[in-house]
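This report refers to the structure that appears directly beneath it.
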Amino acid sequence: MFKRSNILSIVLAFVLILSNTIVFAQESIPEIQPDLMGGNLSVPVRNASSWALNELVDSDRYGLYNVEDLYTGDLRGLLDDEFKENLLIKFKEKLDSLNLETSEKPGFLAEVHNSNTRGDFLRQVYNVLILYENEENLGKDPIMYLNHIGIAAGNGKDLFLQRNTSVEEAILFVKRAVDYIYSENDLDSKGLMWKVENNGNTVYMLGSIHYGKPDLYPLNNNILQNFSDSDALYVEVDITNEEELMRIMIEKFSELEQEFETSSKFQDGTTLESVIDEDLYSKIKTIMNKHNIPEEDFVSFNIQGVEQKLNEIIIEKSFEDLSIEDEEAFEQTLEEAMEELSENEFMKLLIEGPKLGIDFYFLDKAKTLNKKIGELESIESQLELIFGGELFGDLGVDLSEDEQVQALKEVLENFDSEGNIVELQKNEDEEFSEENFDAEMEEMLKEQEQLIEGMFQSIKDGNAEELAKLFLESNGAEILGGQLIGERDKNMAKVIADLLQGEEGKTYFVVVGAAHFVVEGTILDNLINMGYKVERVK
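Take the sequence shown: its letter number 159 is residue 335 in the numbering used here, and every next letter is one higher.
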């Protein structure tokens, strides 16, 4: 029988590794194509109007609707009762999450005729909105009030109140109402933004977290205005370039496979037999022969290489020997483990959070606006950081020869004198109960959830000091510290300096992981050391 704790460990490790790369695979707004009916306007391949796209990105991040609706339904179509009901529920949930003081205002309720005209839907939005609004701000006419605060604009002359509402119009009415309440109560995310100017050029630098959740949005209007006014968006890498990403990933995996093959073998003619004692080598030969591996296939392995090969034999044989009952038990246990992890809030964040990250948000917005997208780094360098020696070290663990031999002996204990795999009994003090495992797993996930929630709150509050403190206390500082304050930040600062030296007099909006700004010795310090004046924008 497979232990749930073992399966949970495997699944968790797999997800944690993928969480570093999952952001690359998230679906984004489709590429913009010319609108043949609209002159210079641009629209996605299908399903939404060009004028609505930018705010639809906002609405998706707010949690009001799913951006995948751009692919599965026509947002230009007419609003139906089911979508309207769900949208109004999400609208109220979004505002309820703010924990504002609310009050019924029967004297201000608008009369609703339960139709889906623009006028009637706007009145329904108004009836939700007034629960959170101060009475002194409300006017006698609901539509005039909504027009005054920018929720309903029409074409400047006509609000088209009798026309049936489209899905995208309904989404944007609700989105603008959310913006209004957040702004009125000063509850939008303040963010971490800096500005540097030179030679008529301006660079705004915004700190991002590569994960996100709906309550991180909306962002402060000052941030959005600076983005809107910019000529180009610069990010670490354009993670929406899926074709290029897949090409490079396949290439990188091929390189890693070759590197592993090379690192597991002697390259100078040394043989395994010459570096271990005769008894060990004899037992290895017996095992390899038992599993149909000729000597010429392993004679050039180094100690760690043969240890890895023996582990592969154990794993492969374990699956080969599974009975139908065992296979079913394994599948059931794996399914239970996946279900258990999927219900955990932190695991949900790892899986769903990358698309909601601030960098991904601005990449999607830039696409809807046909704004130029530039890179401070490259996909190759990012994947090298994730998969290469910079992040995880060399593929071969730096052990002494005696330590390597000891590890090899421990693996050999899994085989008998004839090369068969044996089942070893653990000592009682080595047993790890399901209850203990579950408790430690739950505690670990809770700690990570609290850490990243703290980082979200720092972004919302615009608190650079608290974010730096959280980062330095996290495992991320230990793992990534050398890369963050090393050549990567120097190189990114050089690219920003090149933008500042240009003769075009342009404005650039840069979005980079916040740790590249808040920890000592990173991008900002590099720019200051180059002689630039960097100021915080609040």
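Built from N, CA and C at the ideal position, the CB exists for glycine as well.
Item, Value
"Classification of A669 by the beta-carbon crowding that lies within 10 angstroms, buried from 16 upward", "buried"
"Alpha-carbon spacing of Y358 relative to I399, whole angstroms", "14 Å"
"I463 versus D455: straight-line alpha-carbon distance, rounded", "13 Å"
"From T698, V587, L392, residue whose alpha carbon lies closest to that of G481", "V587"
"Reduced DSSP secondary structure (H/G/I, E/B, other) of G689", "strand"
"Beta-carbon separation (whole angstroms), I635 vs L368, contact threshold 8 Å", "7 Å"
"Alpha-carbon to alpha-carbon, S273 and A640", "24 Å"
"Same chain, Cβ closer than 7 Å to N487, five either side skipped, listed in chain order", "V587"
"Straight-line Cα distance separating W370 from I325", "29 Å"
"C-alpha gap between N313 and F267, whole angstroms", "20 Å"
"Buried versus exposed call for V598 [16 or more other C-beta atoms within 10 Å across all chains shown]", "exposed"
"Proximity to S554 [Cα-Cα], best of G332, G697, L421", "L421"
"Buried/exposed call for E589, threshold 16 Cβ in 10 Å", "exposed"
"Beta carbon of I424 nearer than 8 Å to that of E556", "yes"
"7 Å Cβ shell around Q580 - same chain, five flanking residues per side excluded", "I479, Q480"
"Where F591 falls: helix, strand or coil (DSSP)", "strand"
"M425 in three-state terms, based on DSSP", "helix"
"Residue from G638, L285, S226, Y537 with nearest C-alpha to Y238", "Y537"
"Outcome for I183 when other beta-carbon atoms lying within 10 angstroms are tallied against a minimum of 16", "Residue placement at I183 is poorly supported in this model, since its pLDDT is 41, which falls under 50; the coordinates are not used for a value here."
"Nearest candidate by alpha-carbon position, reference A690, set G533, Q508, N290, K585", "G533"
"Cβ pair L271, V350 closer than 8 Å", "no"
"Cβ pair count under 8 Å reaching 3, the region 318-337 against the region 284-302", "yes"
"Spatially closest choice to N596 from V372, E287, G383, I490, by CA coordinates", "I490"
"Cβ distance (whole Å) where V411 is taken to contact L229 below 8 Å", "About 19 Å; that fails the 8 Å criterion."
"Counterpart residues of K548 in DSSP-defined beta bridges", "A408"
"Own chain, CB closer than 7 Å to S384, minus 5 neighbours either side, in chain order", "G533, I534, D535, V687, V688, G689, A690"
"Own chain residues within Cβ distance below 7 Å of D665, not counting five before or after", "H692, T698, I699, N702"
"Residue environment, R712, which counts as buried when at least 16 other CB atoms sit within 10 Å", "exposed"
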